[in-house]
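Under the numbering used here, the first residue of the sequence shown carries the number 1, and numbering increases by one thereafter.
Note sheet for the following structure.
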Amino acid sequence: MHLKPISKSRQTAFAGWVQSFDAKLKFARIAKMVTEEQARTVAIMHEFRNELYHVGLQHEAILPAIANFYFSVACDILKAFPGRGLYYGNKMVIPERAKKYFNSSRLNPAELGDFEKACATLKDRCHFDRGKTIGALADYMDYIITENNVYLDVISTGVFPKGKGITRDQATINCQTWRLAFSPVGHKFASENGFSGRSIHDLVDWLAANYRLTIKKDPVPGWKRRVQRLRSKANTHLAVATYVDFLRDTLQFREDLAESCAAAEAEIDRQIDEIRARRRKD
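As structure tokens, then:
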């Protein structure tokens, strides 16, 4: 296919595209090959691909749903590709699996418009379902929220004697300040802002009172409202962006919460072992 001449501004964006996926996407946006919405979705999906390839299986619960969506997006992009015609040599042979998409003859392997029609046909046959995709994203967010809701319960009540737990708001603060108390960020903030305590517990309490925490109260009710908003989305591109924003916004806190829950469960196991040991002695 022949493309329109590339302007100097587009040539600048094109520079370095071989090394950088982001540069390729930027060029496609400037050249109007993709919309801003499509570009954002492609960037997100490329990040998913990198996580799958480099980190291991991620997002497995939503992969079937977003795969069809991404294929549909790819078909839309390719269908709108700004070609002016088809180029072919006299020795070119169209693969058997592709012939059904082209109006070929002995002298002309394809007609103008065949490529666009083929992309439209492939999109129709991928059976992308907007409702199922958005539902899968919302369901997985619900799963994450339920899991972290249990973590908060364990931290706030599980490790304490009956009736002597802490509030979920306090557990929310504690799981963040304990990480900060052992981090360079927390130590730097304390040294620069007048901390005068002597113990790690003093530092934890001081950070709770003075450090601007990301989350200051039980986040679960707010997270549930985010799921409801996601389910109400009519645009799959926006739904995917909302899902990714949730994962990014909550990542550090969810890691803090998981570590605190693991520590609480270890303490519960220690108490159980201690009780069993006493009973054996008796």
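The beta carbon of each residue, even a glycine, is placed where N, CA and C say it ideally should be.
- Membership of residue 90 in any alpha helix (DSSP H) is not indicated, and neither H nor E is assigned to it by DSSP.
- Using a Cβ-Cβ distance cut-off of 8 Å, the segment 213 to 232 and the segment 107 to 126 are not in contact, since fewer than three pairs of beta carbons, one from each stretch, lie closer than that value.
- The beta carbon of residue 71 is closer than 8 Å to those of 122, 123, 126 and 128 in its chain, skipping five residues each way along the sequence.
- Exclusion of the five residues before and after residue 260 leaves 155 and 175 as the residues of its chain whose Cβ lies within less than 6 Å of its Cβ.
- Take residue 180, set aside five residues on each side of it, and the residues of its chain with a beta-carbon closer than 6 Å to its own are 186 and 207, in chain order.
- Ranked by how close their Cα comes to the Cα of residue 158, the residues 63, 30, 271 and 194 have 271 in first place.
- Counting C-beta atoms within 10 angstroms of its own C-beta, residue 219 has 16 or more neighbours from the protein chains shown and is therefore classed as buried.
- Burial state of residue 92 is exposed, judged by a 10 Å Cβ sphere holding fewer than 16 other Cβ atoms.
- When the five nearest sequence neighbours on each side are left out, no beta carbon in the same chain lies closer than 8 Å to the beta carbon of residue 281.
- With 16 or more neighbouring CB atoms inside 10 Å of its own CB, residue 69 falls in the buried class.
- Given a length threshold of 4 residues, each whole run of the alpha helix (DSSP H) inside the segment 218 to 252 is given here in chain order: 220 to 231.
- Distance from the CA atom of residue 77 to the CA atom of residue 40, rounded to whole angstroms, is 13 Å.
- Taking the C-beta atoms as reference points, residue 133 is found nearer than 8 Å to residue 65.
- By the 16-neighbour rule on beta-carbons within 10 angstroms, residue 242 is buried.
- Residue nearest to residue 193 within the set 182, 210 and 204 is 210 (criterion: CA-CA distance).
- Residue 216 and residue 34 have their C-alpha atoms some 40 Å from each other.
- Setting aside the 5 residues that flank it on each side, residue 38 is surrounded in the same chain by 73, 76, 77 and 237, each with a C-beta closer than 8 Å to its C-beta; the list follows chain order.
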